[in-house]
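Engineer:
Chains as they are written, first to last, in our numbering: chain A, 296 to 408; chain B, 296 to 408.
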């Protein structure tokens with residue numbers, strides 16, 4: 296059993312092209328012994344956003360804090376604390392902090408076999 | 296893309312032997328199109344607990360609210376909001392609400408292939 300608290304980890308800037316003012320902490324992944332999927336914690340400063348991109352794996356997101364919009368090919372939708380979002384494989388997506396305060400969410404992804 | 300809010304779902308009592316005062320909501324799973332793992336939301340009333348059991352799949356837990364202890368063969372450890380817990384396959388575990396208020400956590404599990 297592994298216990299990890301976010302405050303024990305340094306937030307890492309997300310440097311992928313198209314991202315702004317986003318950090319990530321990998322809470323549970325291969326180094327902790329996770330067999331199948333990884334739990335990451337994202338923080339977006341006001342005005343921050345993740346890249347608008349798509350990829351072959353899904354996201355399972357749980358919104359913790361802040362006012363966020365998720366942008367897909369169907370447009371922008373608000374995501375509030377307590378919302379869960381499933382981004383399907385190969386679906387274009389972007390998360391934008393549209394509030395005046397920091398935003399925080401969990402984003403889980405499958406690990407390669 | 297699927298958006299689900301916990302308040303849109305009815306909490307289901309956990310009736311497994313050894314559980315008390317626990318409900319679950321499946322936020323993201325097969326019906327929503329999740330390919331690999333499921334996100335469930337658990338609520339424990341004060342004094343509530345999950346069964347002390349073990350199984351072949353892992354848990355990835357994120358504590359949202361309340362004062363909880365996770366009990367393993369090594370004893371009880373406190374889990375606070377913002378803590379992530381990896382329960383490894385075949386590891387005995389139980390979550391107990393030891394506070395005066397309700398407790399809430401996410402628990403993700405792999406889906407069968």
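Backbone N, C-alpha and C fix where the C-beta goes; we use that ideal spot for every residue, glycine too.
Residue 325(B) by DSSP, collapsed to three states: which one?
Structural biologist: Position 30 of the second chain, counted from the first residue, corresponds to residue 325(B). Helix, per DSSP.
Engineer: Using a cut-off of 9 Å between C-beta atoms, extract the partners of residue 363(B) located in chain A.
Structural biologist: As a working mapping, residue 363(B) is identified with position 68 in the second chain. Result: empty, since nearest Cβ-Cβ is about 11 Å, beyond 9 Å.
Engineer: Name the one or two DSSP bridge partners that residue 356(B) has.
Structural biologist: What you label residue 356(B) is simply residue 61 of the second chain in a count that begins at 1. DSSP, once it has assigned bridges, lists 380(B) and 402(B) as partnering residue 356(B).
Engineer: Does any residue of chain A bring its CB to less than 7 Å from the CB of residue 360(B)?
Structural biologist: Position 65 of the second chain holds residue 360(B). Taking 7 Å as the CB threshold, residue 360(B) stays off the interface with chain A.
Engineer: So, does the CB of residue 347(B) fall closer than 7 Å to a CB anywhere in chain D?
Structural biologist: Going by chain labels, chain D is absent from the structure shown, which instead holds the protein chains A and B.
Engineer: Taking 7 Å as the threshold (C-beta atoms), are residue 364(B) and residue 399(B) in contact?
Structural biologist: What you label residue 399(B) is simply residue 104 of the second chain in a count that begins at 1. What you label residue 364(B) is simply residue 69 of the second chain in a count that begins at 1. Their beta carbons are not under 7 Å apart, which means residue 399(B) does not touch residue 364(B) by this criterion.
Engineer: With C-beta atoms as the reference, is residue 353(A) less than 7 Å away from residue 384(A)?
Structural biologist: As a first step, residue 353(A) must be located in the first chain, where it is residue number 58. As a first step, residue 384(A) must be located in the first chain, where it is residue number 89. Cβ atoms of residue 353(A) and residue 384(A): closer than 7 Å.
Engineer: Would you say residue 330(A) reaches chain B, if we count a Cβ-Cβ gap shorter than 7 Å as a contact?
Structural biologist: Taking the first chain and counting its residues from 1, the one referred to as residue 330(A) is at position 35. Yes, residue 330(A) counts as interfacial toward chain B.
Engineer: May I have the straight-line CA-CA distance separating residue 300(A) from residue 401(A), to the nearest angstrom?
Structural biologist: Indexing the first chain from 1 puts residue 300(A) at position 5. Indexing the first chain from 1 puts residue 401(A) at position 106. Each residue's alpha carbon lies about 13 Å from the other.
Engineer: Here's the rule I'm using: 16 or more other beta-carbon atoms within 10 Å means buried, otherwise exposed. How should residue 375(A) be labelled?
Structural biologist: Position 80 of the first chain, counted from the first residue, corresponds to residue 375(A). So residue 375(A) counts as exposed.
Engineer: So with CB distances below 8 Å, who are the chain A contacts of residue 432(B)?
Structural biologist: The first residue shown for chain B is 296 and the last is 408, placing residue 432(B) beyond what the model contains.
Engineer: With DSSP as the reference, label residue 305(B) as helix, strand or coil.
Structural biologist: As a position in the second chain, residue 305(B) is number 10, starting the count at 1. Of the three classes helix, strand and coil, the one that applies to residue 305(B) here is coil, per DSSP.
Engineer: For the beta strand (DSSP E) that residue 334(B) lies in, which residues bound it at each end?
Structural biologist: Position 39 of the second chain holds residue 334(B). Residues 332 to 344.
Engineer: Check this for me: beta carbons of residue 298(B) and residue 338(A), under 7 Å apart or not?
Structural biologist: On the second chain, residue 298(B) is found 3 positions in, with the first residue counted as 1. On the first chain, residue 338(A) is found 43 positions in, with the first residue counted as 1. Their beta carbons are not under 7 Å apart, which means residue 298(B) does not touch residue 338(A) by this criterion.
Engineer: Can the beta-carbon of residue 333(A) be found closer than 7 Å to that of residue 406(A)?
Structural biologist: On the first chain, position 38 is the one that residue 333(A) refers to. On the first chain, position 111 is the one that residue 406(A) refers to. In this structure, residue 406(A) lies closer than 7 Å to residue 333(A) by Cβ.
Engineer: Quick one, which residues of the segment 372 to 393 of chain A are near chain B if we go by CB-CB under 8 Å, in chain order?
Structural biologist: Those would be 372, 374, 375, 377, 378, 379, 380, 381, 382, 383, 384, 386 and 388, in chain order.
Engineer: Can you tell me whether DSSP reads residue 373(A) as helix, strand or coil?
Structural biologist: Taking the first residue of the first chain as 1, we reach residue 373(A) at position 78. Reduced to three states, the DSSP call for residue 373(A) is strand.
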